[in-house]
Amino acid sequence: MTSKAFSIDPQSAVGHVFASQRAFVEPRRLKFFLETIGETNPVYHDTRAAREAGYRDIPIPPTYLFCLQSLDNPGPPAVLELLGVDIGRILHGEQKFAFHHPACVGDELVFTTRIRDITNKKGGTLTMITQDIRVDNGHDQHVADVVSIIVVRNPPHTAGATQ
Amino acid sequence: MSHCPAGPTSLTVGEIPVNRHFDPITRHELALYCGASGDHNPIHVDIDFARSSGFPDVFAHGMFIMARLGVALNEVFPPSSVREFGVRFTAITQVGAGITCQGRVTAIEIIDGEQRARLEMTARDQDGDIKLKGEAVVAFDPQGEQE
Chain A
1 MTSKAFSIDP QSAVGHVFAS QRAFVEPRRL KFFLETIGET NPVYHDTRAA
51 REAGYRDIPI PPTYLFCLQS LDNPGPPAVL ELLGVDIGRI LHGEQKFAFH
101 HPACVGDELV FTTRIRDITN KKGGTLTMIT QDIRVDNGHD QHVADVVSII
151 VVRNPPHTAG ATQ
Chain B
164 MSHCPAGPTS LTVGEIPVNR HFDPITRHEL ALYCGASGDH NPIHVDIDFA
214 RSSGFPDVFA HGMFIMARLG VALNEVFPPS SVREFGVRFT AITQVGAGIT
264 CQGRVTAIEI IDGEQRARLE MTARDQDGDI KLKGEAVVAF DPQGEQE
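Printed below as a string of C-alpha cells:
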C-alpha cells in the first residue's frame with residue numbers, strides 16, 4: 001500500500017480532459033429520483049403539464065444532471081481513478097449549475113469533464129479538486145455548465161506533501 | 164430559454180420567497196438516494212465503511228440536501244426560470260436532521276434582457292446550523308423573456 005496521498009503528481013492532472021460520457025434521461029429512473037427527493041411538482045410528473053409549460057417533454061430537476069453522469073457511468077468518479085484516491089477519503093465541497101437549455105425525458109446528454117484546478121488547503125490536510133463539466137444534448141444545444149469541487153481528506157502522514 | 168417562467172411577478176430585496184421544512188432524514192432515504200442518484204459511495208449507507216473512514220456514522224449525501232433545496236426553489240420558481248443554482252457544502256448533514264430550506268432575495272437585476280433575482284440559498288438543520296449555502300439566479304418577469 002502506498003502512503004502517498006495521490007498515485008500521481010496532482011498538478012500533472014490539471015487541464016486533463018476526460019473522455020466524454022453519455023447519459024440517457026430515462027423516465028422511470030427519473031420518477032424514482034423524484035419520489036426519493038420528495039418532488040411532487042406536476043411539471044416533473046405529467047407530460048401534458050410539462051408540454052403546457054413549454055417543454056418538449058418532462059424536464060429534469062436542477063441537480064439531476066449531476067446524478068445522470070454517475071447513473072450511466074457506474075463506478076467511482078473518473079478523477080478518483082486518475083489520481084488514485086480512495087472514495088472513503090472524499091467529501092463534496094461545492095456544486096454549481098448554470099443552465100442554458102432544459103434537459104428532458106428522452107434526451108441523450110454528453111458530459112465533458114476537465115480538471116480546472118487542484119489546490120491544497122489547511123496545511124495540506126485537504127486537497128480541493130475543481131472540475132468543469134460541459135453538458136450538451138443531441139439537439140446541438142449547450143444544456144449547462146457545471147462546476148464540481150471535491151475535497152480529498154489526506155492521510156495524516158502525508159499532510160503538506162505535494163510530491 | 165424558450166419558454167416563459169411563471170411564478171412570482173414581483174419580488175423585493177430581503178424577502179424570503181423560498182421557505183420549506185423537510186422531515187428528519189432517515190437511513191432508508193439515504194439508501195433510496197444512493198440508488199436513485201447513482202452516487203454509490205458506501206460512506207452514506209454502510210456504517211462499517213463510514214467508521215473505517217473515520218466517521219462515527221453514515222451521513223447524508225450533500226447532493227440529497229441540494230436536491231431538496233431545489234424542490235423548495237421549484238415550489239416557487241418553475242424549473243424553466245432557474246438560470247443558476249450553486250452551493251457550498253459547509254457541514255456534514257447527519258441522519259435525523261430536519262432540514263429547513265430557504266431562499267432570500269439579495270438583488271434584482273436585468274441580465275440578457277430579462278429581470279432576474281438573486282437568492283441566497285441556505286439549508287439549515289433543527290439547531291440552525293448551516294449545512295449548505297449558496298445562490299440561485301431566477302428569471303421572474305415573463306415580460307423580459309427572450310426568444
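So the protein sequences, as listed, match chains A and B.
Per my numbering, the very first residue in the first sequence carries number 1; after that it's consecutive.
Per my numbering, the very first residue in the second sequence carries number 164; after that it's consecutive.
No residue lacks a Cβ here, since even glycine has one placed at the ideal position from N, Cα and C.
Measuring alpha carbon to alpha carbon, tell me which residue in the options is nearest residue i.
i      : options                           : result
B:R281 : B:G225, B:D275, B:D292 and B:I271 : B:I271
A:A53  : B:M226, B:G233 and B:S243         : B:S243
A:H92  : B:E178, B:T285 and B:K294         : B:K294
A:N41  : B:E277, B:D209, B:G170 and B:D292 : B:G170
B:M229 : B:F240, B:P241, B:G249 and B:V245 : B:G249
A:P59  : A:P155, A:L30, A:D72 and A:N73    : A:L30
A:T125 : A:F111, A:V143, A:T112 and A:R153 : A:R153
A:V143 : A:F99, A:T112 and A:Y64           : A:F99
A:T112 : A:Q69, A:Y44 and A:D46            : A:Q69
A:Q21  : A:R28, A:T127, A:V110 and A:H45   : A:V110
A:V151 : B:I255, B:G233 and B:D220         : B:I255
A:R28  : A:H101, A:H45 and A:R56           : A:H45
B:G276 : B:D304, B:E283, B:G201 and B:Q289 : B:D304
Using a beta-carbon distance below 8 Å, is residue i in contact with chain A?
i      : result
B:I206 : yes
B:A254 : no
B:R287 : no
B:F240 : no
B:N182 : no
B:L195 : yes
B:F303 : no
B:M284 : no
B:T172 : no
B:G249 : yes
B:D220 : no
B:G259 : no
B:A199 : yes
B:R246 : yes
B:R281 : no
B:D292 : no
B:R214 : no
B:R190 : no
Does residue i get closer than 8 Å to chain B when you measure Cβ to Cβ?
i      : result
A:H92  : yes
A:A95  : For the record, residue 95 of chain A in the displayed sequence is Gln; it is not Ala. So, interface residue.
A:P10  : no
A:V43  : yes
A:L71  : yes
A:F24  : no
A:A13  : no
A:E39  : yes
A:T2   : Residue placement at A:T2 cannot be trusted, given a pLDDT of 42 that sits under 50; the coordinates are not used to answer.
A:F99  : yes
A:N154 : no
A:P27  : no
A:I133 : no
A:G138 : no
A:I87  : yes
Distance cutoff 8 Å, beta carbons only. Does residue i sit that close to anything in chain E?
i     : result
A:C67 : As a matter of chain content, chain E is missing from the structure shown, whose protein chains are A and B.
Mind reading off the beta-carbon distance from residue i to residue j? Whole number of angstroms is fine, and I expect it under 8 Å.
i      : j      : result
A:I37  : B:R231 : 6 Å
A:A13  : A:I115 : 5 Å
A:I129 : A:Q11  : With 8 Å as the limit, A:I129 and A:Q11 do not qualify as a contact, their Cβ atoms being about 12 Å apart.
B:E247 : A:F97  : 7 Å
A:A23  : A:D72  : 4 Å
A:F33  : B:A286 : Between B:A286 and A:F33 the Cβ distance is about 18 Å, and since that is not below 8 Å, they are no contact.
B:R251 : B:K296 : 6 Å
A:E39  : B:V234 : 5 Å
If you draw a straight line from the alpha carbon of residue i to that of residue j, how long is it in whole angstroms?
i      : j      : result
A:F6   : A:K121 : 15 Å
A:N137 : A:P62  : 16 Å
B:L236 : B:R279 : 14 Å
A:R123 : B:H207 : The residue asked about is misnamed: residue 123 of chain A is Gly in this sequence, not Arg. Near 27 Å, if we compare the C-alpha coordinates of B:H207 and A:G123.
B:V181 : B:C197 : 26 Å
A:G84  : B:E192 : 30 Å
A:S3   : B:R183 : Residue placement at A:S3 is flagged as unreliable, the pLDDT there being 47, under the threshold of 50; a coordinate-derived value is accordingly withheld.
B:F218 : B:P205 : 12 Å
B:D220 : B:D209 : 9 Å
A:Q131 : B:V245 : 22 Å
B:P241 : A:P74  : 31 Å
B:E310 : B:A194 : Any reading at B:E310 needs caution, since the residue's pLDDT is 39, under 50, leaving its predicted position unreliable; the model's value is listed next. The straight-line gap from Cα to Cα measures roughly 42 Å.
A:Q141 : A:P155 : 42 Å
A:E35  : B:E238 : 15 Å
A:P76  : B:D202 : 8 Å
Checklist entry - Touch check for the stretch 100-111 of chain A and the stretch 75-92 of chain A: three-plus C-beta pairs under 8 Å? => result no
Item to check | the stretch 260-274 of chain B touching the stretch 288-302 of chain B, judged by at least three CB pairs closer than 8 Å | outcome: yes
Checklist entry - Does the stretch 41-59 of chain A come within contact of the stretch 207-225 of chain B, defined as at least 3 CB pairs closer than 8 Å? => result no
Checklist entry - Within the chosen definition, does the stretch 210-221 of chain B reach the stretch 84-98 of chain A through at least 3 CB pairs nearer than 8 Å? => result yes
Item to check | Cβ contact (3+ pairs, closer than 8 Å) linking the stretch 173-192 of chain B and the stretch 256-268 of chain B | outcome: yes
Checklist entry - Does the stretch 145-154 of chain A touch the stretch 172-180 of chain B, meaning 3 or more C-beta pairs lie closer than 8 Å? => result no
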